[in-house]
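Everything below concerns the one structure shown next.
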Amino acid sequence: MKCGDVHLHLGAEPNATSPELEAHLRECPECVQYQREMLKLEEKIRRAMMIDLPVTKPAPMPVVPAYSRGRQWAMAASVLIAVAAVLVLWGALPSHSLAADVVSHVLSEKIDGPLESPVDESAVREVMERSGLHLSPINPSIVFIRTCFLRGRLVPHFVVRAEHGTATVLVLPDERVKAIEHFDGNGYKGVIIPDAKKGSIVVLTRGDVDMERYAAEIRDAVHPQAEVR
Amino acid sequence: MIQTRPDESEERLGDAFGQLLESVRPELVRFAYWLARDRSVAEDVVQEAMLRAWRARSELKDAAAVRHWLLTIVRREHARLYERKRLVTVDVSEVVAREDIALARMGDGDLLDLRRAILRLPDDYREPLVMQVLGGYSTAEIAKEMNLSIPAVLTRLFRARNRLREIYGLKPGLDCEPAGDEAIGGTSVEGTP
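Chains as they are written, first to last, in the numbering used here: chain A, -2 to 226; chain B, 84 to 276.
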């Protein structure tokens, strides 16, 4: 075993040991020194990574109970009825899952603060840029904004303050719906509006907000970053 | 007879699993944070991972392996961000600047430079290091999870630590091949199995 091999193995696994390694270390003080350094460094790396991060979001709700196969068959009739009801209420099956995921996400988000003051423009720009988007100025004002992870991608999630309450907005560039869709569930009313270039804009609220108006306004204000440059 | 709700044993199992998820959540968020370098994204990744774990809990055969199972779900959930190639290019300086204040508040001031250096590591180096140090993955497990050869993983781990040595003024270890970002995938020991 050469010094280069020893460094590679100790650099990759500082606690590693093997007969060949031990034999080399008995003959090579430089590599013994390297091993000491790596063990000290390893302890520091471990301490550096062991940070405590306050968890700010509540645990997600378990939405799909894992029933046994036999029980699944037994429940088929009620499931069929539920599916039929969903199809009638929400219009189309694919967007049902999108609406359900959006509501589930919003329910699991804990948003602190009074949601009164407009957020800084730079914060809006930063969040939109992280998703490859740009947002032109809009009215109503954005009072909260963050990047969220939804359905496998980072998306802008913001809250706007309207005359009669607040509304949550999600810009989903990779989600496609065929036509404007409304949904209603878990205390939220919402609308999904499509755009051929921009994917889908979702607006939902618990208040009395003209969702379609704001969704259309936001759709017009959102642009792919590549188009802005 | 049609049963319309889970029986009591299943409910108890679900409750226990929910408590288990909650108890390991801080560890999962920490793991996701060092992968994602963003606390908000880390929490979202963990939330999605917990939902997946909940849905798939009947697949967990060995209760003793639950921690490793959950960490793997978190890693895969985070990897989905990259697999879909939907992440815009990240400016490392911005990442470090954004996280700097929070990291400085976490005590162990002597470790701040090291934390910054870990955040600056390229993803290809940082991910196996985090999996090994925080996740307790073996080199073979990392290789399997990242679809790499074992020598490739060893090289990445070595080079990750080599970069971290620099901040303590230590001489870099002897690298068999020229170091540098371009070396990823371009050395004699790198490559997929």
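We put the CB at the ideal spot given by N, CA and C, even for glycine.
Less than 7 Å between the beta carbons of residue i and residue j, yes or no?
i	j	result
Leu132/A	Val121/A	yes
Ile225/B	Pro234/B	no
Ala200/B	Leu247/B	yes
Leu153/B	Ala136/B	yes
Glu131/B	Glu160/B	yes
Gly196/A	Leu169/A	yes
Val174/A	Pro191/A	yes
Val216/B	Met46/A	yes
Val124/A	Ile142/A	yes
Gly204/A	His154/A	no
Ala218/A	Ile198/A	no
Measuring from the CB of residue i, is there a heavy atom of the ligand FAD at a distance below 6 Å?
i	result
Trp152/B	Although the ligand FAD was asked about, the structure shown includes no ligands whatsoever.
Alpha carbon to alpha carbon, what distance is there between residue j and residue i?
i	j	result
Leu112/A	His220/A	25 Å
Tyr31/A	Arg150/B	33 Å
Met58/A	Asp49/A	Here Met58/A scores only 49 on pLDDT, less than 50, and its place in the model should not be relied on; the value that follows carries that caveat. Looking at the two C-alpha atoms, the distance is approximately 24 Å.
Tyr220/B	Ile177/A	47 Å
Leu36/A	Leu118/B	23 Å
Gly256/B	Ala162/B	30 Å
Ala99/B	Val124/B	27 Å
Met214/B	Leu7/A	17 Å
Lys300/A	Gln102/B	As shown, chain A starts at -2 and ends at 226. That puts residue 300/A outside it, with no answer to give.
Thr155/B	Leu231/B	16 Å
Arg150/A	Leu164/B	6 Å
Glu118/A	Ala185/B	22 Å
Please list, in chain order, all residues of the same chain as residue i whose beta carbon is under 6 Å from its beta carbon, the five residues on each side excluded.
i	result
Ser138/A	Pro115 and Arg158
His102/A	Leu147
Met133/B	Leu104
Val236/B	Pro211, Thr222, Ile225 and Ala226
Pro11/A	Met35, Leu36 and Glu39
Nearest to residue i by CA position, among the options, is which residue?
i	options	result
Ala96/A	Phe180/A, His4/A and Glu19/A	Phe180/A
Glu126/B	Leu5/A, Glu106/A and Arg33/A	Glu106/A
Arg127/A	His4/A, Gln222/A, Val29/A and Ala9/A	Gln222/A
Glu27/A	Lys41/A, Arg44/A, Pro11/A and Cys0/A	Cys0/A
Lys186/A	Thr202/A, Ala193/A, Asp171/A and Ile198/A	Thr202/A
Ser106/B	Val129/B, Leu202/B, Arg120/B and Arg122/B	Val129/B
Asp171/A	Val188/A, Leu5/A and Val152/A	Val152/A
Ala193/A	Val29/A, Arg216/A and Arg23/A	Arg216/A
Looking only at its chain, what residues have a beta carbon closer than 7 Å to the beta carbon of residue i, apart from the 5 residues adjacent to it on each side?
i	result
Asn183/A	Val100 and Leu104
Ser65/A	Note on Ser65/A: pLDDT 42, under 50, position unreliable in the model; the coordinate value appears next. Answer for Ser65/A: no residue qualifies.
Return the bridge partner residues of residue i from the DSSP annotation.
i	result
Ser197/A	Leu169/A and Pro191/A
Cys145/A	Val152/A
Ala164/A	Val157/A
Given residue i, which residues of its chain have a CB within under 8 Å of its CB, disregarding the five upstream and five downstream residues?
i	result
Ala262/B	Only weak support is given to the placement of Ala262/B: the predicted model assigns it a pLDDT of 43, under 50, and the question is left unresolved by the model.
Met(-2)/A	Glu17, Leu18, Ala20 and His21
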